[in-house]
Amino acid sequence: MRYLPHTKQDIKDMLQVIGKDSVDALFESIPEELRLKRALNLPKALSEMELRSEMLRLSKKNVSVRDTVSFLGGGAYNHYVPSPISQLINRGEFFTAYTPYQPEVSQGTLQALFEFQTMICELTGMEIANASNYDASTGCAEALLMSARLNGRKKALVARSVHPQYRKVMRTYLSRFGYEIVEVGYAKDGSLDWNDFEAKCDASVGAVMVGSPNFFGVIEDLQKIGARTKQDEKTIFITVASEPLSMALLNPPGSVGADIAVAEGQSFGVGLSFGGPYLGLFATQQKYIRAMPGRIVGETVDVDGKRGFVLTFSTREQHIRREKATSNICTNQGLCALMSTIYLSLMGKEGLTRLAQINLSRATYAKEALTATGKVKLLFDGPTFNEFVICLPDAQNVLAGLKKRGIFAGIWLPRYYKELKDAVLVCVTEMNSKEQIDLLVSELKKAVS
0 MRYLPHTKQD IKDMLQVIGK DSVDALFESI PEELRLKRAL NLPKALSEME LRSEMLRLSK
60 KNVSVRDTVS FLGGGAYNHY VPSPISQLIN RGEFFTAYTP YQPEVSQGTL QALFEFQTMI
120 CELTGMEIAN ASNYDASTGC AEALLMSARL NGRKKALVAR SVHPQYRKVM RTYLSRFGYE
180 IVEVGYAKDG SLDWNDFEAK CDASVGAVMV GSPNFFGVIE DLQKIGARTK QDEKTIFITV
240 ASEPLSMALL NPPGSVGADI AVAEGQSFGV GLSFGGPYLG LFATQQKYIR AMPGRIVGET
300 VDVDGKRGFV LTFSTREQHI RREKATSNIC TNQGLCALMS TIYLSLMGKE GLTRLAQINL
360 SRATYAKEAL TATGKVKLLF DGPTFNEFVI CLPDAQNVLA GLKKRGIFAG IWLPRYYKEL
420 KDAVLVCVTE MNSKEQIDLL VSELKKAVS
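Per numbering that gives the first Met the number 0, residue 0 is the first one in the sequence shown, and the count goes up by one each step.
Okay, structure coming up:
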């Protein structure tokens, strides 16, 4: 953004246009006793050159995965972002694009979002996808609200192995809707506790939500869970994926009977960016389209018979239905969706599959190398993709020690699961070389000896 400070003349001209005598007049509606009577505690004004220097100084306090060896995952994955993405999204017509209400002047943006929806349908094996949600956590909450619209039931079974932050957002989101969320535990292998699930899955349940790979990295038997869920045809089966790259190798949600598939799209060309903005992927079956949240771009023809794109099924949305809309998400992550569209186009099906294979093979190598030391134990023995949980003595202090040496060895799980003492979630992507994995193994071996 260009540095354009307002001069005194600028301020005078603006006040004249709006018919005010002073800046203070803009705050007349605020009671006198509530107004600040002193100057703000801010440093003196800086020139553009000084400001750039100061911002650069502050930015150096940040720690980047580029400057460390990182095995962090848990919903934010360090994947390579191809150079063409940043070049293309910075084009003015994309970078400044908002919700394309006027199709006549938004065909490029609309077509890009249409292609995005098509790719998400191909990836998930579902019939219809929206133009994105804010992220996977809001997508999960919207999926539960959608299930209530479909069957009138306000109760869901949610696996405890679904991302803990997603579960927290769902509870916050649904707290005022009278919606009940019942959590289902996990088994010794890290997958859904089947006995607990069977005991809680009754006729009052409106939705079942399971993550695969789940937060522990364990791949669930979605076919089995889906079959049990759909014994009651009204119950909505929802799958969640923090790491959708796994779908390039695993059976997609649509093939295992999922009614709704939610995923975090950050892995597809969206940088880590301090945790956001990210991209919620949301797909479902065609028969549920009128209950689905979010924008939907459709293909049509104009008066001359030429192919065109428009926002369709808009009567579901807030700008038309207001409080009766299917969702209060009134815009989407269009720019992030464009990043993913470019990424998936560049990778192609074969490229995406190959990348998933690299992630799987490197994670498997790391898992085997760590456990071979005899110092580290694998906490869950269920099948995994590119994340897994290890257990090591005094894990929190070990992680802190490695951090000082520039190695982020994983996520300390007692932060989210108090019962998992000394458990660490380790993630391995294509960005982790064999040398980095060997370094992690060596340093952990020293730290716990």
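Idealized CB from N, CA, C, for every residue including glycine.
- Along the length of the region 184-246, whole beta strand (DSSP E) runs at least 3 residues long occupy 206-210 and 235-240, reported in chain order.
- Comparing C-alpha distances from I259 to each of V183, K366, G124 and G297 shows the shortest one belongs to G124.
- Beta-bridge pairing by DSSP links K154 to E179.
- Following the DSSP letters along the chain, one finds E298 inside the beta strand (DSSP E) bounded by residues V296 to V300.
- Taking all protein chains shown into account, I237 has 16 or more neighbouring C-beta atoms within 10 Å of its C-beta and is therefore buried.
- Counting only runs of 3+ residues, the beta strand (DSSP E) found wholly inside the region 311-399 occupies 386-390, in chain order.
- By the criterion of a C-beta distance shorter than 8 Å, K229 is surrounded in its chain by F236 and G256, once the five residues flanking it on both sides are discounted.
- DSSP lists V261 as the beta-bridge partner residues of F281.
- By DSSP's assignment, S69 forms a beta bridge with F407.
- By the 16-neighbour rule on beta-carbons within 10 angstroms, A226 is exposed.
- Under DSSP, N132 forms a beta bridge with G279.
- Here D393 is exposed: its Cβ has fewer than 16 other Cβ atoms, across all protein chains shown, within 10 Å.
- By the Cβ criterion, the region 379-389 is in contact with the region 357-365, since at least three pairs of Cβ atoms, one from each stretch, lie closer than 8 Å.
- A straight-line Cα-Cα distance of about 16 Å links N213 and L280.
- Around the beta carbon of K366, 16 or more other beta carbons lie within 10 angstroms, which makes this residue buried.
- Going by beta carbons, A158 and V209 fall inside the 8 Å limit.
- Taking C-alpha positions only, K36 is separated from K167 by approximately 40 Å.
- By a beta-carbon distance limit of 8 Å, L112 does not contact V309. Their separation comes to about 11 Å.
- Around the beta carbon of Y100, fewer than 16 other beta carbons lie within 10 angstroms, which makes this residue exposed.
- Put simply, the backbone Cα of E298 is about 13 Å away from that of F115.
- Around V183, the same chain offers L156, V157, A158, R159, L191, D192, D195, F196 and K199 as residues with beta carbons nearer than 8 Å, after the five sequence neighbours per side are excluded.
- Exclusion of the five residues before and after G107 leaves E92 and F93 as the residues of its chain whose Cβ lies within less than 8 Å of its Cβ.
- Secondary-structure assignment with DSSP links C426 through a beta bridge to E386.
- DSSP places L109 in the uninterrupted alpha helix (DSSP H) bounded by Q106 to T123.
- Within the same chain, and ignoring the five residues on either side of S85 in sequence, no residue has its Cβ closer than 7 Å to its Cβ.
- Here M13 is exposed, its C-beta having fewer than 16 other C-beta atoms within 10 Å.
- Taking a 10 Å sphere around the C-beta of V300, we find fewer than 16 other C-beta atoms and assign the residue as exposed.
- G270 and N77 have their alpha carbons spaced roughly 8 Å apart.
- Remark: C-beta atoms of A247 and C120 do not approach each other more closely than 8 Å.
- With the rule of 3 Cβ pairs closer than 8 Å, the region 43-56 does not count as touching the region 401-416.
- Residue nearest to S203 within the set I218, L221, D220 and V181 is V181 (criterion: CA-CA distance).
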